[in-house]
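The structure under discussion appears below in the form of structure tokens.
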Amino acid sequence: MTDLNKKFIEILESNKDLILRICGAYAKDATEKEDLFQEVTIAIWKSLDSFQGNSAISTWIYRITLNTCIRLSLRSKNTKVETIKLNSIHFENLQEKADNQEDEIQFIKLQTCIQQLTEPDRSIVLLHLEELPYREITSIIGISENHVAVKMKRAKMKPLTCMNHG
Amino acid sequence: MDELNLKNIWQVGNSHKQVFINTQQLLTELTKDLNAFEAKLKKRDSLEITVALVMIPAAIVLAYFANSFLQQLGFGLIVPYCLLVIFQLKRVRKFKTLINLIQSQNDFLSQSKDYLIKEMNLLKSVLYWYILPALLSATLINLGSDSSQLEQIITFVVMVIVFAYIYYLNRKAVKNDFEPLIDKINSALNN
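Protein chains in written order, with the numbering used here: chain A, 98 to 263; chain B, 27 to 217.
In structure tokens form, the structure reads like this:
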């Protein structure tokens, strides 16, 4: 295995959970979520050469994941995604965890609340929930820190209101 | 419920679903299958350009053997017409390859918008760079043919209907696909 391949696998393995979480905020159902995950995997693979190490790896991953999800959500209804199926990636629902139904219900509800947001509020809320510092959110979204702060104040209330009253 | 609860729900919620990756198989799929698939897509995308390239020598040969000046002129016009089509398609498509996913969201959206506007303008102007030159060439070839006047009229009417339909499809794509997408990106950028 080449160094680049090793690096790719390492990046993917250590970030797969966060990628799946973000994809869930853009997908209509479980199948679309898995398709998005595959698309992000391909996007990471294709962008690997361009990773210079100038930014943190997490910033790079979040950028690729969000931009890929947005790109696919922006396509017109009639446009099908042309891609290959990666049979090497499997998704499994864990039985022992599934016993805690309440967590799962709350998570799905939160995902639905986030899906109702428009961009860039959706991305800002997602990055806030991921507990990223303002500086990193600024770098991912591409707007000033003050602007992020103003938007964050407004945006983060929406899923909270949705969860409490929605 | 407060913000802390939300973060907690978000971060543990995904634990019900686990991703398993067969790394060796994944690398094979990404190096072999993906490359083959993308080569196929590239070939399909360049089909229109390939057809236009093939039409240039064919039009020259046909112009040489044409039986009237009008037909010669019609076939001769296909050459600059094909060059125009190649130029227009290449000009817009080169922007698609420039869009990269590692830039900030704002830059990514701006670049995607620029590309969509270029593609939309290409469709909007299809009448001038695709339909009218093609109709002009086809009409000259038709007028210069040995067919009867009635056959020429029928051929012309059929051509007009076909080109009108192409024009309609392009306008429909602009209205139904491109304009809503550009509006969506604009609202994300201005929000």
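The beta carbon of each residue, even a glycine, is placed where N, CA and C say it ideally should be.
All figures in this text were calculated on a predicted structure; none of them were measured in a lab.
Quick one: grab the DSSP three-state call for residue i.
i         : result
Phe189(B) : helix
Phe188(A) : strand
Lys125(A) : coil
Phe148(A) : coil
Gln44(B)  : strand
Lys113(A) : helix
Thr180(A) : coil
Ile125(B) : coil
Gln212(A) : helix
Arg172(A) : coil
Leu207(B) : helix
Ser136(B) : helix
Glu227(A) : coil
Asn7(B)   : Absent from the structure is residue 7(B), since the part of chain B shown begins at 27 and ends at 217.
Asn31(B)  : helix
Met254(A) : helix
Ile240(A) : coil
Pro217(A) : coil
Thr278(A) : A question about residue 278(A) goes unanswered here, because the residues of chain A that appear run from 98 up to 263.
Ser163(B) : helix
Can you tell which of the options has the C-alpha that lies nearest to the C-alpha of residue i?
i         : options                                       : result
Ile108(A) : Tyr159(A), Ala124(A), Asp132(A) and Thr128(A) : Tyr159(A)
Val245(A) : Ser155(A), Phe204(A), Leu229(A) and His262(A) : Leu229(A)
Met249(A) : Ile238(A), Val222(A), Ser241(A) and His262(A) : Val222(A)
Asn3(B)   : Lys206(A), Glu199(A) and Thr215(A)            : Nothing about residue 3(B) can be read from this structure; chain B reaches only from 27 to 217.
Lys125(A) : Cys210(A), His225(A) and Gly150(A)            : Cys210(A)
Tyr51(B)  : Lys206(A), Asn102(A) and Glu233(A)            : The residue you asked about is not Tyr; residue 51(B) is Gln in the sequence shown. It is Asn102(A).
Ile143(B) : Lys122(B), Tyr154(B), Ala160(B) and Pro159(B) : Lys122(B)
Thr165(A) : Lys255(A), Ile240(A), Gly121(A) and Glu110(A) : Gly121(A)
Asp28(B)  : Val247(A), Ser236(A), Leu207(A) and Ser241(A) : Leu207(A)
Arg168(A) : Lys68(B), Leu135(B), Thr49(B) and Ile82(B)    : Leu135(B)
Ile47(B)  : Asp114(A), Ile119(A) and Glu110(A)            : Glu110(A)
Leu53(B)  : Arg172(A), Asn243(A) and Met98(A)             : Met98(A)
Gln213(A) : Asp132(A), Met254(A) and Ile240(A)            : Met254(A)
Ile139(A) : Lys58(B), Lys198(B), Trp155(B) and Gln37(B)   : Lys58(B)
Arg172(A) : Pro206(B), Ser72(B) and Thr49(B)              : Pro206(B)
Ile240(A) : Asp133(B), Ile180(B) and Thr181(B)            : Asp133(B)
Val247(A) : Asn217(B), Met81(B), Pro83(B) and Val118(B)   : Asn217(B)
Ser94(B)  : Ile35(B), Val80(B) and Ser171(B)              : Ser171(B)
Taking 8 angstroms as the cut-off, decide whether the C-beta atoms of residue i and residue j are in contact.
i         : j         : result
Asn190(A) : His42(B)  : yes
Ser163(B) : Ile104(B) : yes
Ile238(A) : Gln137(B) : no
Val152(B) : Tyr107(B) : no
Lys128(B) : Ser144(A) : Strictly speaking, residue 128(B) in this sequence is Ile, with Lys absent from that position. Their beta carbons are under 8 angstroms apart, which means Ile128(B) touches Ser144(A) by this criterion.
Ser170(A) : Tyr123(A) : yes
Val137(A) : Ile161(A) : yes
Leu32(B)  : Leu257(A) : yes
Leu226(A) : Ile234(A) : no
Leu10(B)  : Ile186(A) : Nothing in the structure corresponds to residue 10(B), since chain B is present only between 27 and 217.
Leu117(A) : Phe134(A) : yes
Asn64(B)  : Leu183(A) : Looking at the sequence provided, one finds Glu at residue 64(B) rather than Asn. No. Outside cutoff.
Val111(B) : Ala78(B)  : yes
Phe204(A) : Val45(B)  : no
Lys116(B) : Ile75(B)  : yes
Gly39(B)  : Asp200(A) : yes
Phe244(B) : Met146(B) : There is no way to answer for residue 244(B), as the model of chain B reaches only from 27 to 217.
Glu179(A) : Leu67(B)  : yes
In its own chain, which residues sit with a C-beta less than 6 angstroms from the C-beta of residue i, not counting the 5 before and 5 after it?
i         : result
Ala252(A) : Asp218, Ile221 and Val222
Ala85(B)  : Phe101, Ile104 and Val105
Pro159(B) : Tyr107
Trp155(B) : Leu110 and Gln114
Ser173(B) : none
Ala127(A) : none
Beta-carbon within less than 7 angstroms of residue i's beta-carbon, same chain only, minus the 5 sequence neighbours each way: which residues are those?
i         : result
Phe148(A) : Trp157
Leu169(B) : Leu96 and Gln178
Met260(A) : Lys206, Leu207 and Cys210
Tyr141(B) : Phe121, Lys122 and Ile125
Asn196(B) : Leu149 and Val152
Gln98(B)  : Ala89 and Ala92
Ile119(A) : Thr162, Leu163, Cys166 and Leu223
Trp142(A) : Phe105
Report all residues from its chain with a CB closer than 8 angstroms to the CB of residue i; omit the five preceding and five following residues, and keep chain order.
i         : result
Val200(B) : Met146, Leu149 and Lys150
Asp146(A) : Leu101
Lys139(B) : Ile208, Ile211, Asn212 and Leu215
Arg119(B) : Asp71
Contact the segment 151-165 of chain B vs the segment 177-189 of chain B: 3+ CB pairs below 8 angstroms: yes
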